[in-house]
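My numbering numbers the first residue of the sequence shown as 1486 and each following residue consecutively.
Where is the CB? At the ideal position from N, CA and C, for every residue including glycine.
For clarity, every value in this text was computed on a predicted model and none was experimentally measured.
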Amino acid sequence: MKQYDLVVIGAGPGGTPAAMAAAQFGKQVLLVDKRGEPGGECLFEGCIPSKILENAANRYAMLKAAEGFHVELTSEPQIHWDAVLEEKERILKMRAKGAMKRIEALPTLTFRAGSARFVDEHTIEVEGERISFEHAIIATGAVAHLPPLRGDGVAKAWTNADVFKSAEIPEEIAFIGAGAISCELVQMFAKLGVKCHLLERGPRILRKIDEQSALIVQKRMMEQGIDVILNVSFDEIDGEPGRFTVRYTQNGEAKTLTVPRLLIATGRSPNVEGLGLEAAGVAYDRHGISTDEGMQTSRPHIYAVGDCATGPKFAHWATYQAGIAVHNIYAPAQRRQEEPDKLAWVLFSDPQIASAGLREEEAKARGMEVGVEVYDYAIDARAQIDHATDGILKFVVEKETKRIVGIQAVGPEASSLSGEASLIVAQRMSMMEVMGAIHPHPTYTEAFSNLARTAFFKGMMAMRRGGGGGPHGDGRGGGR
(Lines of atoms letter the chains of each structure in order from A and count residues from 1; the text may use other names and numbers.)
(Lines give C-alpha, C1' and ligand atoms only; values in the text may rest on other atoms or scores of the structure.)
Protein backbone atom coordinates (compact mmCIF):
# COMPACT_ATOMS: atom_id res chain seq x y z
CA MET A 1 0.00 0.00 0.00
CA LYS A 2 1.34 3.42 -0.98
CA GLN A 3 1.85 5.90 1.84
CA TYR A 4 1.79 9.69 1.78
CA ASP A 5 2.45 12.40 4.34
CA LEU A 6 -0.59 14.27 3.05
CA VAL A 7 -3.54 13.38 0.85
CA VAL A 8 -5.59 16.24 -0.60
CA ILE A 9 -9.00 15.44 -2.10
CA GLY A 10 -10.12 18.05 -4.63
CA ALA A 11 -7.91 20.16 -6.90
CA GLY A 12 -9.80 23.45 -6.82
CA PRO A 13 -8.78 26.81 -5.30
CA GLY A 14 -8.49 25.17 -1.87
CA GLY A 15 -6.94 21.80 -2.63
CA THR A 16 -4.35 22.76 -5.24
CA PRO A 17 -2.56 25.47 -3.21
CA ALA A 18 -2.71 23.26 -0.11
CA ALA A 19 -1.03 20.37 -1.93
CA MET A 20 1.59 22.62 -3.49
CA ALA A 21 2.42 24.31 -0.18
CA ALA A 22 2.90 20.97 1.57
CA ALA A 23 5.09 19.72 -1.28
CA GLN A 24 7.21 22.85 -0.94
CA PHE A 25 7.74 21.78 2.68
CA GLY A 26 9.25 18.61 1.19
CA LYS A 27 6.32 16.39 2.13
CA GLN A 28 5.11 13.47 0.02
CA VAL A 29 1.73 14.64 -1.21
CA LEU A 30 -1.05 13.04 -3.25
CA LEU A 31 -3.59 15.37 -4.90
CA VAL A 32 -6.71 13.57 -6.15
CA ASP A 33 -9.43 15.06 -8.32
CA LYS A 34 -12.25 13.27 -10.10
CA ARG A 35 -12.28 15.83 -12.93
CA GLY A 36 -8.76 14.82 -13.91
CA GLU A 37 -7.36 18.35 -14.12
CA PRO A 38 -6.85 21.13 -11.56
CA GLY A 39 -9.11 24.14 -11.24
CA GLY A 40 -12.30 22.97 -9.59
CA GLU A 41 -15.75 24.39 -10.17
CA CYS A 42 -14.44 27.96 -9.89
CA LEU A 43 -12.41 27.48 -13.06
CA PHE A 44 -14.73 25.30 -15.08
CA GLU A 45 -18.28 26.18 -13.98
CA GLY A 46 -18.12 29.25 -11.76
CA CYS A 47 -15.95 32.33 -11.27
CA ILE A 48 -13.92 32.26 -14.47
CA PRO A 49 -16.42 31.22 -17.18
CA SER A 50 -19.05 33.55 -15.76
CA LYS A 51 -16.65 36.51 -15.92
CA ILE A 52 -15.60 35.69 -19.48
CA LEU A 53 -19.21 35.67 -20.69
CA GLU A 54 -20.14 38.71 -18.59
CA ASN A 55 -17.13 40.59 -19.96
CA ALA A 56 -18.39 40.02 -23.52
CA ALA A 57 -21.92 41.07 -22.56
CA ASN A 58 -20.66 44.21 -20.81
CA ARG A 59 -18.61 45.28 -23.82
CA TYR A 60 -21.56 44.63 -26.12
CA ALA A 61 -23.77 46.77 -23.86
CA MET A 62 -21.16 49.55 -23.87
CA LEU A 63 -21.30 49.68 -27.66
CA LYS A 64 -25.08 49.77 -27.56
CA ALA A 65 -24.86 52.76 -25.19
CA ALA A 66 -22.19 54.59 -27.19
CA GLU A 67 -24.61 57.26 -28.35
CA GLY A 68 -24.90 58.47 -24.76
CA PHE A 69 -21.21 59.42 -24.97
CA HIS A 70 -21.72 61.14 -28.36
CA VAL A 71 -20.22 58.26 -30.33
CA GLU A 72 -22.03 57.23 -33.49
CA LEU A 73 -21.58 53.69 -34.78
CA THR A 74 -21.90 53.09 -38.51
CA SER A 75 -23.62 49.73 -37.95
CA GLU A 76 -25.50 47.89 -35.23
CA PRO A 77 -23.14 46.01 -32.86
CA GLN A 78 -23.19 42.23 -33.21
CA ILE A 79 -22.05 39.61 -30.71
CA HIS A 80 -20.73 36.27 -31.93
CA TRP A 81 -21.64 33.94 -29.08
CA ASP A 82 -19.91 30.93 -30.60
CA ALA A 83 -16.63 32.86 -30.64
CA VAL A 84 -17.20 33.95 -27.02
CA LEU A 85 -17.62 30.31 -26.02
CA GLU A 86 -14.47 29.34 -27.91
CA GLU A 87 -12.58 32.08 -26.05
CA LYS A 88 -13.94 30.73 -22.78
CA GLU A 89 -12.67 27.23 -23.54
CA ARG A 90 -9.28 28.57 -24.57
CA ILE A 91 -8.84 30.46 -21.31
CA LEU A 92 -10.04 27.54 -19.17
CA LYS A 93 -7.66 25.12 -20.86
CA MET A 94 -4.79 27.58 -20.58
CA ARG A 95 -5.36 28.04 -16.86
CA ALA A 96 -5.78 24.32 -16.18
CA LYS A 97 -2.64 23.54 -18.17
CA GLY A 98 -0.70 26.24 -16.30
CA ALA A 99 -1.80 24.84 -12.94
CA MET A 100 -0.81 21.32 -13.96
CA LYS A 101 2.60 22.54 -15.08
CA ARG A 102 3.19 24.09 -11.66
CA ILE A 103 2.08 20.88 -9.97
CA GLU A 104 4.40 18.75 -12.09
CA ALA A 105 7.31 21.03 -11.21
CA LEU A 106 7.14 19.81 -7.59
CA PRO A 107 8.88 16.41 -7.35
CA THR A 108 7.15 15.29 -4.14
CA LEU A 109 3.65 16.11 -5.40
CA THR A 110 1.67 13.44 -7.28
CA PHE A 111 -1.53 14.33 -9.13
CA ARG A 112 -4.04 11.57 -9.74
CA ALA A 113 -7.37 11.59 -11.57
CA GLY A 114 -10.14 9.65 -9.89
CA SER A 115 -12.75 9.58 -7.16
CA ALA A 116 -11.49 9.15 -3.60
CA ARG A 117 -13.32 7.82 -0.59
CA PHE A 118 -12.25 7.13 2.98
CA VAL A 119 -11.94 3.50 4.01
CA ASP A 120 -10.93 4.38 7.56
CA GLU A 121 -9.35 7.34 9.34
CA HIS A 122 -5.93 6.76 7.74
CA THR A 123 -6.81 5.13 4.42
CA ILE A 124 -8.49 6.26 1.21
CA GLU A 125 -9.42 4.30 -1.89
CA VAL A 126 -8.91 5.77 -5.36
CA GLU A 127 -10.35 3.80 -8.26
CA GLY A 128 -9.93 0.53 -6.35
CA GLU A 129 -6.45 1.22 -4.96
CA ARG A 130 -5.98 1.76 -1.24
CA ILE A 131 -3.60 4.46 -0.06
CA SER A 132 -2.56 5.35 3.48
CA PHE A 133 -1.87 8.84 4.78
CA GLU A 134 -0.70 10.67 7.87
CA HIS A 135 -2.81 13.80 7.27
CA ALA A 136 -5.62 14.65 4.87
CA ILE A 137 -7.24 17.82 3.58
CA ILE A 138 -10.73 17.64 2.11
CA ALA A 139 -11.38 20.32 -0.52
CA THR A 140 -14.19 18.93 -2.66
CA GLY A 141 -16.22 22.12 -3.02
CA ALA A 142 -19.96 22.37 -3.37
CA VAL A 143 -22.67 21.59 -5.92
CA ALA A 144 -25.86 23.35 -6.95
CA HIS A 145 -28.71 22.81 -4.51
CA LEU A 146 -32.06 21.99 -6.09
CA PRO A 147 -34.93 22.96 -3.77
CA PRO A 148 -37.66 20.44 -2.92
CA LEU A 149 -40.23 22.01 -5.22
CA ARG A 150 -43.10 20.16 -6.85
CA GLY A 151 -43.04 19.35 -10.54
CA ASP A 152 -41.00 17.42 -13.08
CA GLY A 153 -39.33 20.57 -14.41
CA VAL A 154 -37.04 21.11 -11.42
CA ALA A 155 -34.59 18.37 -12.38
CA LYS A 156 -34.57 19.52 -16.03
CA ALA A 157 -33.76 23.16 -15.38
CA TRP A 158 -30.32 24.68 -15.82
CA THR A 159 -27.92 25.23 -12.95
CA ASN A 160 -24.75 27.31 -13.11
CA ALA A 161 -22.93 24.20 -14.37
CA ASP A 162 -25.18 24.05 -17.45
CA VAL A 163 -25.60 27.66 -18.50
CA PHE A 164 -21.98 28.15 -19.56
CA LYS A 165 -22.21 25.27 -22.01
CA SER A 166 -25.19 26.56 -23.99
CA ALA A 167 -24.30 27.15 -27.63
CA GLU A 168 -27.15 29.60 -28.15
CA ILE A 169 -28.45 32.69 -26.41
CA PRO A 170 -32.04 31.99 -25.32
CA GLU A 171 -34.80 34.38 -26.34
CA GLU A 172 -36.33 34.30 -22.85
CA ILE A 173 -35.30 32.88 -19.50
CA ALA A 174 -36.56 32.79 -15.91
CA PHE A 175 -34.35 32.55 -12.82
CA ILE A 176 -35.50 30.94 -9.59
CA GLY A 177 -33.73 32.59 -6.66
CA ALA A 178 -32.20 36.07 -6.46
CA GLY A 179 -28.83 35.30 -4.90
CA ALA A 180 -25.38 36.11 -6.27
CA ILE A 181 -25.39 33.60 -9.14
CA SER A 182 -28.81 34.60 -10.49
CA CYS A 183 -28.18 38.33 -10.15
CA GLU A 184 -24.94 38.21 -12.14
CA LEU A 185 -26.36 35.99 -14.87
CA VAL A 186 -29.74 37.69 -15.26
CA GLN A 187 -28.07 41.03 -15.96
CA MET A 188 -25.67 39.38 -18.39
CA PHE A 189 -28.53 37.90 -20.39
CA ALA A 190 -30.52 41.14 -20.24
CA LYS A 191 -27.60 43.02 -21.81
CA LEU A 192 -27.63 40.47 -24.64
CA GLY A 193 -31.24 41.31 -25.38
CA VAL A 194 -32.80 38.31 -23.65
CA LYS A 195 -36.20 38.76 -21.99
CA CYS A 196 -35.50 37.93 -18.34
CA HIS A 197 -37.61 37.13 -15.28
CA LEU A 198 -36.21 36.90 -11.75
CA LEU A 199 -38.39 35.20 -9.12
CA GLU A 200 -37.56 35.45 -5.43
CA ARG A 201 -39.31 34.32 -2.24
CA GLY A 202 -38.23 37.35 -0.23
CA PRO A 203 -39.09 41.05 -0.42
CA ARG A 204 -35.84 42.00 -2.24
CA ILE A 205 -32.92 40.52 -4.10
CA LEU A 206 -29.63 39.52 -2.44
CA ARG A 207 -31.09 39.04 1.03
CA LYS A 208 -27.69 38.25 2.60
CA ILE A 209 -26.11 41.47 1.34
CA ASP A 210 -26.27 44.99 2.69
CA GLU A 211 -29.80 46.20 1.93
CA GLN A 212 -28.85 49.63 0.61
CA SER A 213 -26.36 48.05 -1.78
CA ALA A 214 -28.80 45.38 -2.95
CA LEU A 215 -31.55 47.88 -3.66
CA ILE A 216 -29.27 49.91 -5.94
CA VAL A 217 -28.71 46.79 -8.04
CA GLN A 218 -32.41 45.91 -7.91
CA LYS A 219 -33.29 49.37 -9.23
CA ARG A 220 -30.79 48.94 -12.08
CA MET A 221 -32.31 45.57 -12.98
CA MET A 222 -35.72 47.13 -13.38
CA GLU A 223 -34.25 49.89 -15.55
CA GLN A 224 -32.71 47.17 -17.71
CA GLY A 225 -36.16 45.71 -18.31
CA ILE A 226 -35.72 42.66 -16.08
CA ASP A 227 -39.02 41.40 -14.67
CA VAL A 228 -38.23 41.26 -10.93
CA ILE A 229 -40.93 39.24 -9.17
CA LEU A 230 -40.70 39.30 -5.36
CA ASN A 231 -42.58 37.75 -2.42
CA VAL A 232 -43.20 34.57 -4.38
CA SER A 233 -44.41 31.20 -3.12
CA PHE A 234 -43.60 28.47 -5.64
CA ASP A 235 -46.39 25.98 -6.29
CA GLU A 236 -45.09 23.80 -9.12
CA ILE A 237 -42.52 23.78 -11.91
CA ASP A 238 -43.25 21.55 -14.90
CA GLY A 239 -41.89 21.06 -18.39
CA GLU A 240 -38.58 20.63 -20.12
CA PRO A 241 -36.13 22.72 -22.16
CA GLY A 242 -38.18 24.59 -24.71
CA ARG A 243 -41.22 25.06 -22.47
CA PHE A 244 -41.19 25.38 -18.69
CA THR A 245 -44.26 26.36 -16.72
CA VAL A 246 -43.73 28.01 -13.34
CA ARG A 247 -46.83 28.22 -11.15
CA TYR A 248 -46.50 30.51 -8.17
CA THR A 249 -48.49 32.63 -5.76
CA GLN A 250 -47.77 36.32 -5.18
CA ASN A 251 -49.69 38.40 -2.66
CA GLY A 252 -52.39 35.74 -2.51
CA GLU A 253 -52.87 35.63 -6.29
CA ALA A 254 -52.09 32.48 -8.30
CA LYS A 255 -49.95 33.20 -11.36
CA THR A 256 -48.29 31.28 -14.20
CA LEU A 257 -45.13 32.01 -16.16
CA THR A 258 -44.15 30.03 -19.26
CA VAL A 259 -40.59 30.31 -20.59
CA PRO A 260 -38.33 28.31 -22.92
CA ARG A 261 -35.42 28.29 -20.45
CA LEU A 262 -35.26 28.08 -16.68
CA LEU A 263 -32.29 28.40 -14.34
CA ILE A 264 -32.47 27.44 -10.67
CA ALA A 265 -29.92 29.01 -8.33
CA THR A 266 -31.16 28.63 -4.78
CA GLY A 267 -27.93 27.92 -2.96
CA ARG A 268 -25.09 25.43 -2.74
CA SER A 269 -24.69 22.09 -0.97
CA PRO A 270 -21.37 20.63 0.23
CA ASN A 271 -19.96 18.09 -2.21
CA VAL A 272 -19.41 15.26 0.26
CA GLU A 273 -21.55 12.45 -1.13
CA GLY A 274 -19.55 9.27 -1.64
CA LEU A 275 -16.52 10.48 0.33
CA GLY A 276 -17.03 7.93 3.10
CA LEU A 277 -16.77 10.54 5.84
CA GLU A 278 -18.51 8.20 8.26
CA ALA A 279 -15.76 5.61 7.81
CA ALA A 280 -13.17 8.22 8.74
CA GLY A 281 -15.21 9.54 11.66
CA VAL A 282 -15.48 13.03 10.17
CA ALA A 283 -18.53 14.96 11.38
CA TYR A 284 -20.67 16.87 8.88
CA ASP A 285 -24.22 18.03 8.26
CA ARG A 286 -26.17 19.58 5.39
CA HIS A 287 -24.19 22.81 5.78
CA GLY A 288 -20.84 21.09 5.32
CA ILE A 289 -17.97 19.46 7.17
CA SER A 290 -17.59 20.78 10.71
CA THR A 291 -14.22 22.38 11.44
CA ASP A 292 -12.68 24.49 14.17
CA GLU A 293 -11.06 27.86 13.46
CA GLY A 294 -7.85 26.11 12.46
CA MET A 295 -9.65 23.98 9.81
CA GLN A 296 -9.43 20.74 11.82
CA THR A 297 -12.37 18.38 11.56
CA SER A 298 -13.61 16.04 14.29
CA ARG A 299 -10.54 13.95 13.41
CA PRO A 300 -7.51 16.07 14.39
CA HIS A 301 -5.35 14.80 11.51
CA ILE A 302 -8.02 15.51 8.88
CA TYR A 303 -8.75 19.07 7.74
CA ALA A 304 -11.41 20.59 5.47
CA VAL A 305 -11.27 23.84 3.49
CA GLY A 306 -13.46 25.73 1.05
CA ASP A 307 -17.06 25.17 0.08
CA CYS A 308 -17.26 21.62 1.44
CA ALA A 309 -16.80 23.03 4.95
CA THR A 310 -19.22 25.16 6.91
CA GLY A 311 -18.72 28.89 6.54
CA PRO A 312 -18.28 31.38 3.67
CA LYS A 313 -18.26 30.05 0.10
CA PHE A 314 -15.66 31.90 -1.96
CA ALA A 315 -12.70 30.67 -4.01
CA HIS A 316 -10.29 33.12 -2.38
CA TRP A 317 -11.57 32.10 1.07
CA ALA A 318 -10.78 28.47 0.21
CA THR A 319 -7.23 29.46 -0.77
CA TYR A 320 -6.85 31.41 2.46
CA GLN A 321 -8.10 28.43 4.50
CA ALA A 322 -5.72 26.12 2.64
CA GLY A 323 -2.78 28.16 3.89
CA ILE A 324 -4.07 27.94 7.45
CA ALA A 325 -4.57 24.16 7.23
CA VAL A 326 -1.08 23.45 5.88
CA HIS A 327 0.50 25.79 8.42
CA ASN A 328 -1.32 24.10 11.30
CA ILE A 329 -0.38 20.63 10.11
CA TYR A 330 3.35 21.35 9.80
CA ALA A 331 3.85 24.24 12.24
CA PRO A 332 1.36 23.45 15.03
CA ALA A 333 3.34 25.34 17.66
CA GLN A 334 2.39 28.62 15.95
CA ARG A 335 -1.20 27.63 15.26
CA ARG A 336 -3.19 29.98 13.04
CA GLN A 337 -6.94 30.60 12.99
CA GLU A 338 -9.24 31.89 10.29
CA GLU A 339 -10.49 35.46 10.65
CA PRO A 340 -13.84 35.77 8.84
CA ASP A 341 -14.26 39.36 10.02
CA LYS A 342 -11.57 40.28 7.47
CA LEU A 343 -13.24 38.53 4.53
CA ALA A 344 -13.68 40.60 1.38
CA TRP A 345 -15.73 39.64 -1.66
CA VAL A 346 -17.12 41.07 -4.90
CA LEU A 347 -20.41 40.56 -6.68
CA PHE A 348 -20.01 41.27 -10.40
CA SER A 349 -23.48 42.66 -10.79
CA ASP A 350 -24.32 45.97 -12.50
CA PRO A 351 -23.30 48.05 -10.66
CA GLN A 352 -20.77 45.88 -8.88
CA ILE A 353 -20.90 45.34 -5.11
CA ALA A 354 -17.76 44.93 -3.02
CA SER A 355 -17.70 44.21 0.70
CA ALA A 356 -15.01 43.82 3.33
CA GLY A 357 -15.52 42.98 6.97
CA LEU A 358 -18.83 43.40 8.75
CA ARG A 359 -22.13 44.82 7.61
CA GLU A 360 -23.85 47.19 10.01
CA GLU A 361 -26.42 44.52 10.88
CA GLU A 362 -23.73 41.93 11.58
CA ALA A 363 -21.82 44.27 13.86
CA LYS A 364 -24.94 45.18 15.82
CA ALA A 365 -25.92 41.51 16.13
CA ARG A 366 -22.62 40.98 17.96
CA GLY A 367 -23.43 43.73 20.40
CA MET A 368 -21.03 46.23 18.83
CA GLU A 369 -21.98 49.89 18.90
CA VAL A 370 -21.27 51.20 15.41
CA GLY A 371 -21.90 54.22 13.28
CA VAL A 372 -22.18 54.40 9.49
CA GLU A 373 -20.70 56.95 7.10
CA VAL A 374 -21.80 57.04 3.45
CA TYR A 375 -20.29 58.67 0.36
CA ASP A 376 -22.70 59.14 -2.56
CA TYR A 377 -21.11 58.69 -5.98
CA ALA A 378 -23.63 61.19 -7.37
CA ILE A 379 -21.14 63.91 -6.31
CA ASP A 380 -18.07 62.05 -7.61
CA ALA A 381 -16.15 63.43 -10.59
CA ARG A 382 -15.17 60.05 -12.05
CA ALA A 383 -18.70 58.71 -11.69
CA GLN A 384 -20.15 61.78 -13.39
CA ILE A 385 -17.71 61.42 -16.28
CA ASP A 386 -18.67 57.74 -16.66
CA HIS A 387 -22.44 58.38 -16.32
CA ALA A 388 -22.32 55.98 -13.36
CA THR A 389 -23.58 57.97 -10.39
CA ASP A 390 -25.73 55.21 -8.86
CA GLY A 391 -23.33 54.01 -6.19
CA ILE A 392 -22.07 54.45 -2.66
CA LEU A 393 -19.08 53.86 -0.43
CA LYS A 394 -20.01 52.98 3.15
CA PHE A 395 -17.85 52.73 6.27
CA VAL A 396 -19.02 50.81 9.35
CA VAL A 397 -17.13 52.30 12.32
CA GLU A 398 -16.91 50.91 15.83
CA LYS A 399 -17.65 53.79 18.18
CA GLU A 400 -15.52 52.57 21.09
CA THR A 401 -12.30 52.06 19.13
CA LYS A 402 -12.99 54.49 16.25
CA ARG A 403 -11.83 51.76 13.88
CA ILE A 404 -13.39 50.83 10.53
CA VAL A 405 -14.75 47.29 10.85
CA GLY A 406 -16.66 47.09 7.59
CA ILE A 407 -16.81 48.64 4.12
CA GLN A 408 -19.38 48.25 1.35
CA ALA A 409 -18.93 49.77 -2.10
CA VAL A 410 -21.37 49.91 -5.00
CA GLY A 411 -20.37 51.17 -8.43
CA PRO A 412 -19.03 50.22 -11.86
CA GLU A 413 -15.50 49.69 -10.51
CA ALA A 414 -16.32 48.39 -7.02
CA SER A 415 -14.16 45.32 -7.68
CA SER A 416 -11.15 47.61 -8.07
CA LEU A 417 -11.92 49.17 -4.68
CA SER A 418 -12.09 45.82 -2.89
CA GLY A 419 -8.33 45.50 -2.36
CA GLU A 420 -8.06 48.79 -0.51
CA ALA A 421 -11.24 48.06 1.43
CA SER A 422 -9.83 44.69 2.45
CA LEU A 423 -6.59 46.26 3.66
CA ILE A 424 -8.39 48.98 5.65
CA VAL A 425 -10.56 46.42 7.43
CA ALA A 426 -7.76 43.90 7.98
CA GLN A 427 -5.62 46.59 9.60
CA ARG A 428 -8.63 48.08 11.46
CA MET A 429 -7.64 51.54 10.29
CA SER A 430 -9.10 54.77 11.64
CA MET A 431 -10.49 57.67 9.62
CA MET A 432 -7.29 59.61 10.28
CA GLU A 433 -5.18 56.77 8.89
CA VAL A 434 -7.32 56.50 5.74
CA MET A 435 -7.02 60.27 5.29
CA GLY A 436 -3.25 59.82 5.29
CA ALA A 437 -3.36 58.08 1.91
CA ILE A 438 -3.26 60.40 -1.12
CA HIS A 439 -5.64 59.12 -3.79
CA PRO A 440 -5.30 60.19 -7.46
CA HIS A 441 -7.95 62.45 -8.99
CA PRO A 442 -10.29 61.77 -10.71
CA THR A 443 -10.64 58.13 -9.71
CA TYR A 444 -13.21 56.07 -7.86
CA THR A 445 -10.62 55.37 -5.16
CA GLU A 446 -10.53 58.95 -3.91
CA ALA A 447 -13.92 58.28 -2.35
CA PHE A 448 -12.00 56.59 0.51
CA SER A 449 -10.16 59.75 1.52
CA ASN A 450 -13.12 62.01 0.72
CA LEU A 451 -15.43 60.00 2.98
CA ALA A 452 -12.83 59.70 5.73
CA ARG A 453 -12.14 63.44 5.64
CA THR A 454 -15.83 64.38 5.69
CA ALA A 455 -16.58 62.01 8.57
CA PHE A 456 -13.53 63.11 10.54
CA PHE A 457 -14.31 66.80 10.41
CA LYS A 458 -18.01 66.19 11.00
CA GLY A 459 -17.00 64.40 14.19
CA MET A 460 -14.75 67.29 15.16
CA MET A 461 -17.60 69.75 14.75
CA ALA A 462 -19.89 67.53 16.80
CA MET A 463 -17.35 67.48 19.62
CA ARG A 464 -17.05 71.27 19.57
CA ARG A 465 -20.81 71.59 19.77
CA GLY A 466 -20.78 69.22 22.73
CA GLY A 467 -22.56 66.52 20.79
CA GLY A 468 -20.32 63.76 22.14
CA GLY A 469 -18.86 60.99 20.06
CA GLY A 470 -15.50 61.24 18.43
CA PRO A 471 -13.80 62.73 15.40
CA HIS A 472 -13.52 59.45 13.56
CA GLY A 473 -17.08 58.91 12.41
CA ASP A 474 -19.79 57.80 14.74
CA GLY A 475 -23.00 58.53 12.92
CA ARG A 476 -24.79 58.66 9.61
CA GLY A 477 -22.85 60.38 6.91
CA GLY A 478 -24.24 62.46 4.11
CA GLY A 479 -25.67 60.85 1.01
CA ARG A 480 -28.48 58.40 0.50
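Residue i: which of the options sits nearest, CA to CA?
i	options	result
Gly1531	Ala1800, Asn1935 and Ala1581	Ala1800
Ile1666	Arg1867, Lys1573, Gln1697 and Lys1693	Lys1693
Gly1724	Val1702, Gly1638 and Glu1823	Gly1638
Phe1719	Thr1501, Ile1661, Lys1879 and Ile1701	Ile1661
Phe1729	Arg1686, Ala1659 and Ala1764	Ala1659
Gln1488	His1607, Leu1528 and Lys1884	His1607
Glu1823	Leu1832, Ala1640 and Gly1796	Gly1796
Gln1513	Gly1499, Gly1524, Asp1490 and Ala1850	Asp1490
Ser1934	Met1920, Thr1644, Phe1942 and Pro1927	Met1920
Leu1516	Ser1600, Ala1541 and Ala1546	Ser1600
Met1916	Ala1894, Val1890 and Thr1928	Val1890
Arg1689	Cys1668, Gly1678, Ala1675 and Leu1677	Cys1668
Pro1745	Val1895, Arg1938 and Trp1643	Trp1643
His1786	Pro1817, Val1611 and Lys1884	Pro1817
Arg1753	Gln1837, Ala1546 and Gly1773	Gly1773
Ala1640	Pro1726, Gln1819 and Asp1875	Pro1726
Met1706	Asp1875, Ala1496, Leu1936 and Ala1894	Asp1875
Ala1542	Gly1678, Ala1551 and Asp1605	Gly1678
Val1895	Val1702, Asn1813 and Arg1844	Val1702
Ala2047	Ala1590, Ala1899, Pro1592 and Gly1613	Here the chain comprises residues numbered 1486 to 1965, so residue 2047 is not present and cannot be evaluated.
Leu1832	Gln1869, Ser1900, Pro1498 and Thr1595	Ser1900
Ser1651	Glu1571, Glu1847 and Asp1777	Glu1571
Ala1506	Glu1846, Glu1845, Leu1902 and Asn1813	Asn1813
Leu1536	Arg1771, Gln1837 and Gly1904	The residue you asked about is not Leu; residue 1536 is Lys in the sequence shown. Comparing Cα positions, the closest option is Gln1837.
Glu1966	Arg1821, Lys1740, Thr1804 and Glu1696	A question about residue 1966 goes unanswered here, because the residues of the chain that appear run from 1486 up to 1965.
Phe1973	Glu1845, Ala1764 and Arg1520	For the chain, the structure presents residues 1486 to 1965; residue 1973 sits outside this window and is missing.
Please list, in chain order, all residues of the same chain as residue i whose beta carbon is under 7 Å from its beta carbon, the five residues on each side excluded.
i	result
Leu1538	Val1569, Lys1573, Phe1649 and Met1673
Ser1783	Gly1766, Val1767, Ala1768 and Ser1775
Ala1503	Val1493, Ile1622, Ala1624, Val1790, Ala1807, Ala1810 and Val1811
Glu1522	Ala1581 and Met1585
Lys1680	Glu1656 and Glu1657
Met1486	Arg1615, Ile1616 and Ser1617
Gly1964	Low confidence applies here, because Gly1964 scores a pLDDT of 41, under 50, leaving its location unreliable and the question unanswered by this model.
Asn1645	Glu1530, Gly1531, Ala1629, Ile1666 and Ala1750
Leu1742	Ala1659, His1682 and Val1731
Leu1528	Leu1577, Arg1580 and Ala1581
Trp1802	Leu1828
Using DSSP's beta-bridge definition, name the partner residues of residue i.
i	result
Ala1894	Ala1839 and Leu1878
Phe1719	Tyr1733
Arg1615	Glu1610
Ile1714	Leu1684
Glu1883	Val1855 and Arg1888
Arg1605	Residue identity differs from the one stated: residue 1605 is Asp in this sequence, not Arg. Thr1608.
Thr1741	Arg1732
His1620	Leu1491
Val1773	First, the residue type needs correcting, since residue 1773 is Gly and not Val in the sequence shown. Asp1770, per the DSSP bridge assignment.
Pro1755	Ala1627
Gly1724	Phe1729
Trp1643	Leu1748
Apart from the five residues just before and just after residue i, which ones in its own chain have a Cβ nearer than 8 Å to its Cβ?
i	result
Lys1827	Ala1841, Gly1842, Ser1907, Val1910 and Ala1911
Phe1554	His1872
Val1882	Val1855, Gly1856, Val1857, Glu1858, Arg1888, Ile1889, Val1890, Met1916, Ala1940, His1957, Gly1958 and Asp1959
Val1717	Leu1684, Glu1685, Arg1686, Tyr1733, Thr1734 and Gln1735
In its own chain, which residues sit with a C-beta less than 6 Å from the C-beta of residue i, not counting the 5 before and 5 after it?
i	result
Met1780	Tyr1788, Val1790, Gln1806, Ile1809 and Ala1810
Gly1960	Because Gly1960 carries a pLDDT of 44, less than 50, the predicted location of this residue cannot be relied on, and the following value inherits that uncertainty. Excluding residues within five positions, the ones whose Cβ falls inside 6 Å are Gly1856.
Ala1873	Pro1897
Leu1762	Tyr1769
Leu1760	Arg1602
Asp1792	Gly1626, Ala1627 and Lys1798
Trp1566	Ile1654
Arg1913	Arg1888
Pro1927	Ala1866 and Arg1867
Glu1931	His1924
Gly1500	Val1493 and Ala1624
Ala1937	Met1916, Val1919 and Met1920
Ile1722	Leu1634, Gly1636, Gly1638, Val1639 and Val1731
Glu1610	Arg1602 and Val1604
Ser1698	Ile1838, Gln1893 and Val1895
Ile1564	Tyr1545
Glu1778	Gln1822 and Glu1823
What is the C-beta distance between residue i and residue j, in whole angstroms, given that I count them as a contact (C-beta under 8 Å)?
i	j	result
Ala1663	Leu1683	6 Å
Glu1758	Leu1715	That pair is no contact at about 33 Å.
Ile1533	Ile1576	7 Å
Leu1670	Leu1748	7 Å
Inter-stretch contact (C-beta, 8 Å, three-pair minimum) for the stretch 1702-1721 and the stretch 1846-1865 = no
query = Does the pairing of the stretch 1863-1877 with the stretch 1731-1740 give three or more beta-carbon distances under 8 Å?
reply = no
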